[in-house]
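Below: one structure, written as structure tokens.
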Amino acid sequence: MKLLVLAAALLVVASAASLSLEDLEFHAWKLKYGKSYSSPAEEAQRKITWLSNRKLVIVHNMLADQGLKSYRLGMTFFADMDNQEYRRTAFHGCLGFFNTTKAGGGSTFLRQAGGADLPDQVDWRDKGYVTDVKDQKQCGSCWAFSATEKLVSLSEQQLVDCSGDFGNMGCGGGLMDQAFQYIKANKGIDTEESYPYEAVDGDCRFKPGSIGATCTGYVDVTSMDESALQEAVATIGPVSVAIDAGHSSFQLYESGIYDEPDCSSSDLDHGVLAVGYGSENGKDYWLVKNSWGLEWGNKGYIMMSRNKNNQCGIATAASYPLV
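With mature numbering (1 follows the signal peptide of the UniProt record, and there is no 0) as the guide, the letters of the sequence shown map in order to residues -16 to -1, 1 to 307.
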């Protein structure tokens, strides 16, 4: 019996020895994210893409180690996808027809006369104004998460299912302003507990007796004005923002202050929540909450460059609800 056990152990060692470090890393990554593929052929192709992204991560992080990059990359859930597939999978048309339509009816953010005396750093998580990081999964509902992630866990699924008359398209995309319009007209939105998230389009099941919050309107922060956005975040609280998140650097972001010169300030594809701002090593940043779960970024958050010509469009379409 002992000989059989020893023989089995030797076979395992021999098998492991035949695997490269890349093979072992790929296997560990698949286990971490629960990845499985429909065929050996698909797995082989996925591994090729994964290795390509791994090389990108290694080279980028070498530059970060030399101080040439302000952020680090990692092998995220999207590491077995090329950038085109990532865009399709992560966004699903998340902001709908953002670039051809714009929600109206919001009040204009009024800045304090003479300029407000703002703190150097703000993080609304410290005051309990931000809910736990969630995962929108394979549904283009970023707009719903951006609109509901402040203070109390509200029903993203209700927005997905019920706000179509206001221009939203469920898992096919929508806008935060249109979500606020719906909540106002509906005289409230249910709690997440009473109307949990399903990541698919469904029939509207709003329960008037389970309302967790109401909305009397919403405010649009002056477009393209990072100073106005800073004042809104500092004096009001977390603010819904739209960004360009379509680059491989965002796909594989892990930590540090994200700085992507190729980011667009107008071609925006993702809705997130600005929950603070600050500076680190002389670089200004926005503290942004994503909706891709805790495994992406820094426990679901990203620090994005601030005061760099509205990089990634973070101040292009910022708004918050009036409650």
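Using N, Cα and C, we set each Cβ at its ideal position, and we do this for glycine too. All of these numbers come straight from a predicted model, not from anything done at the bench.
Measuring only the C-alpha atoms, how far is residue i from residue j?
| i | j | result |
| --- | --- | --- |
| residue 171 | residue 118 | 25 Å |
| residue 297 | residue 247 | 8 Å |
| residue 29 | residue 62 | 14 Å |
| residue 148 | residue 39 | 43 Å |
| residue 207 | residue 4 | 51 Å |
| residue 179 | residue 70 | 29 Å |
| residue 47 | residue 54 | 9 Å |
| residue 52 | residue 293 | 20 Å |
| residue 146 | residue 157 | 13 Å |
| residue 177 | residue 137 | 8 Å |
| residue 199 | residue 210 | 25 Å |
| residue 242 | residue 234 | 8 Å |
| residue 195 | residue 45 | 46 Å |
| residue 283 | residue 56 | 14 Å |
| residue 274 | residue 286 | 7 Å |
| residue 142 | residue 152 | 12 Å |
| residue 10 | residue 25 | 15 Å |
First and last residue of the beta strand (DSSP E) that includes residue i?
| i | result |
| --- | --- |
| residue 197 | 195 to 197 |
| residue 269 | 267 to 273 |
| residue 63 | First-last for residue 63: undefined, no H or E at that position. |
Could you please give the first and the last residue of the uninterrupted alpha helix (DSSP H) stretch that includes residue i?
| i | result |
| --- | --- |
| residue 204 | Where residue 204 is concerned, there is no enclosing alpha helix (DSSP H), although the beta strand (DSSP E) it sits in stretches over 201 to 204. |
| residue 24 | 24 to 49 |
| residue 312 | Residue 312 is absent from the structure shown; the chain starts at -16 and stops at 307. |
| residue 208 | Looking at the DSSP string, residue 208 is not in any alpha helix (DSSP H), and its letter there is neither H nor E. |
| residue 144 | 140 to 146 |
| residue 279 | Residue 279 -> no alpha helix (DSSP H), and no H or E assigned at all. |
| residue 167 | 160 to 170 |
| residue 264 | Residue 264 -> not in any alpha helix (DSSP H); beta strand (DSSP E) instead, spanning 254 to 264. |
| residue 304 | Where residue 304 is concerned, there is no enclosing alpha helix (DSSP H), although the beta strand (DSSP E) it sits in stretches over 303 to 306. |
| residue 233 | 232 to 235 |
| residue 100 | Careful: residue 100 lies outside any alpha helix (DSSP H) and carries neither H nor E. |
| residue 128 | 126 to 132 |
For residue i, which beta-bridge partners are listed by DSSP?
| i | result |
| --- | --- |
| residue 240 | 55 |
| residue 286 | 272 |
| residue 91 | 203 |
| residue 246 | In DSSP, residue 246 forms no bridge with anything. |
Between residue i and residue j, which are expected to be in contact by the criterion C-beta below 8 Å, what is the C-beta distance as a whole number of angstroms?
| i | j | result |
| --- | --- | --- |
| residue 271 | residue 262 | 7 Å |
| residue 174 | residue 139 | 4 Å |
| residue 65 | residue 41 | At roughly 14 Å, the Cβ-Cβ gap does not stay under 8 Å, so residue 65 and residue 41 are not in contact. |
| residue 121 | residue 183 | 4 Å |
| residue 90 | residue 303 | 6 Å |
| residue 181 | residue 305 | At roughly 19 Å, the Cβ-Cβ gap does not stay under 8 Å, so residue 181 and residue 305 are not in contact. |
| residue 257 | residue 133 | 5 Å |
So, does the CB of residue i fall closer than 8 Å to a CB anywhere in chain B?
| i | result |
| --- | --- |
| residue 16 | Among the chains of the structure shown, chain B does not appear; only one protein chain is present. |
With a threshold of 8 Å, are at least 3 pairs of Cβ atoms found where one atom belongs to the region 279 to 299 and the other to the region 221 to 240?
yes
Measuring CB atoms only, is the region 248 to 265 touching the region 121 to 139, in the sense that at least three cross pairs come out at less than 8 Å?
yes
Contact between the region 151 to 171 and the region 227 to 242 is defined here as three or more beta-carbon pairs at a separation below 8 Å; is this criterion met?
no
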